[in-house]
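Notes for the one structure printed next.
Numbering (our numbering), first residue to last: 148 to 423.
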């Protein structure tokens with residue numbers, strides 16, 4: 148059954164198509180492509196940063212997690228996962244959305260534990276640790292879930308309206324807001340911590356599968372998987388830059404200071420950018 152679910156997911160990613168986006172002029176490009184880092188046999192889907200500024204990369208095709216340095220050198224590898232997708236670093240260690248097992252798995256000091264959950268997931272695809280619990284993107288249930296020390300709730304159902312989702316894939320909590328990559332509505336939705344919809348980004352940018360996101364004080368980064376782009380929004384929610392160089396089906400992105408790392412699922416590599 149898990150292999151069937153993965154095949155369906157890959158089929159969705161590989162076959163949903165739309166008109167190629169027109170080139171758009173945006174103001175003051177600041178991120179400059181530096182290089183592509185080969186990952187050899189790793190098919191990366193998610194990326195996270197630990198407290199020592201090492202990177203973790205999930206390899207869903209081969210059921211592995213890799214710890215690498217910022218030059219791409221493999222420091223450690225961890226096996227026997229079940230389709231690990233998006234990942235995040237928290238106080239308990241590395242939180243892993245295990246798509247195949249419908250569970251949140253936590254990797255800490257080389258030990259794996261399953262997080263307690265009140266929810267029945269159907270292909271969990273994204274997770275972010277928050278206040279002793281987790282927010283998660285529940286792919287086939289078309290919703291997000293919250294389970295912390297103080298709150299338990301869900302948001303969404305399948306649909307295109309505000310607060311509805313079509314296969315959400317990634318989630319991040321930042322500055323008291325919930326950011327969700329609403330993959331096949333081709334947008335990002337933003338909520339408050341009670342699950343109230345606040346705004347929507349990128350609906351008119353002809354994204355084809357918004358699979359990953361990353362939020363900083365200055366920017367919101369959205370991976371446009373099928374179009375091999377990353378859209379960069381400023382703090383006013385205005386599109387400020389579109390990145391394309393070195394990108395080959397980017398599934399996720401992370402920013403570390405003045406460096407940006409985007410994992411290329413198809414290219415089996417990481418594209419590195421610097422902020423000028």
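For every residue, glycine included, the Cβ atom is placed at its ideal position computed from N, Cα and C.
Within 10 Å of its beta-carbon, does residue i have 16 or more other beta-carbons around it, so buried, or fewer, so exposed?
| i | result |
| --- | --- |
| residue 371 | buried |
| residue 273 | buried |
| residue 242 | buried |
| residue 235 | buried |
| residue 316 | buried |
| residue 245 | buried |
| residue 374 | buried |
| residue 399 | buried |
| residue 362 | buried |
| residue 424 | The displayed coordinates of the chain run from 148 to 423. Any statement about residue 424 would go beyond what the structure contains. |
| residue 382 | exposed |
Taking the straight line between their C-alpha atoms, what separation do you get for residue i and residue j?
| i | j | result |
| --- | --- | --- |
| residue 360 | residue 328 | 6 Å |
| residue 311 | residue 196 | 29 Å |
| residue 303 | residue 291 | 7 Å |
| residue 349 | residue 385 | 9 Å |
| residue 352 | residue 314 | 19 Å |
| residue 364 | residue 380 | 11 Å |
| residue 417 | residue 391 | 13 Å |
| residue 322 | residue 282 | 14 Å |
| residue 339 | residue 325 | 6 Å |
| residue 226 | residue 203 | 13 Å |
| residue 206 | residue 224 | 10 Å |
| residue 131 | residue 396 | One cannot answer for residue 131 here, as it falls past the ends of the chain, which runs 148 to 423. |
| residue 389 | residue 220 | 28 Å |
| residue 257 | residue 237 | 15 Å |
| residue 280 | residue 318 | 14 Å |
| residue 343 | residue 217 | 37 Å |
| residue 111 | residue 336 | Outside the displayed span of the chain (148 to 423) sits residue 111, for which this structure offers no information. |
| residue 268 | residue 307 | 21 Å |
| residue 393 | residue 366 | 20 Å |
| residue 247 | residue 287 | 12 Å |
| residue 407 | residue 387 | 15 Å |
| residue 301 | residue 262 | 17 Å |
Kindly indicate which residue of the options has the alpha-carbon position closest to the one of residue i.
| i | options | result |
| --- | --- | --- |
| residue 332 | 289, 344, 217, 298 | 289 |
| residue 198 | 408, 346, 414, 403 | 403 |
| residue 423 | 405, 268, 410, 397 | 405 |
| residue 187 | 180, 201, 215, 181 | 215 |
| residue 341 | 182, 203, 297 | 297 |
| residue 415 | 182, 192, 180, 181 | 192 |
| residue 254 | 267, 266, 231 | 231 |
| residue 409 | 226, 233, 223 | 233 |
| residue 250 | 266, 287, 203 | 266 |
| residue 222 | 366, 200, 279, 388 | 200 |
| residue 240 | 218, 269, 366, 277 | 277 |
The ligand ATP and residue i: does the residue's C-beta get closer than 7 Å to at least one heavy atom of that ligand?
| i | result |
| --- | --- |
| residue 331 | Among the components of this structure there are no ligands whatsoever, and the ligand ATP is therefore not found. |
Cβ atoms of residue j and residue i: under 8 Å apart, would you say?
| i | j | result |
| --- | --- | --- |
| residue 412 | residue 178 | no |
| residue 264 | residue 294 | yes |
| residue 377 | residue 368 | yes |
| residue 431 | residue 228 | With the chain covering only 148 through 423, there is no way to say anything about residue 431. |
| residue 184 | residue 401 | no |
| residue 424 | residue 299 | It is not possible to answer for residue 424, since the shown part of the chain is limited to 148 through 423. |
| residue 275 | residue 320 | yes |
| residue 357 | residue 334 | yes |
| residue 210 | residue 190 | no |
Taking only beta-carbon positions, decide if residue i is within less than 8 Å of chain D.
| i | result |
| --- | --- |
| residue 226 | Within the model displayed, chain D is absent; a lone protein chain is all it includes. |
Q) If you scan the stretch 215-303 from start to end, which runs of the beta strand (DSSP E) of 3 or more residues do you find wholly inside it? A) Counting only runs of 3 or more, we get 221-225, 231-237, 240-245, 250-255, 258-261, 271-277, 280-285, 290-294, 299-302.
Q: Would you mind listing the alpha helix (DSSP H) stretches within the stretch 337-396 that are 4+ residues and don't spill past its ends, in chain order?
A: Taking 4 residues as the minimum length, the stretch 337-396 contains no alpha helix (DSSP H) run wholly inside it.
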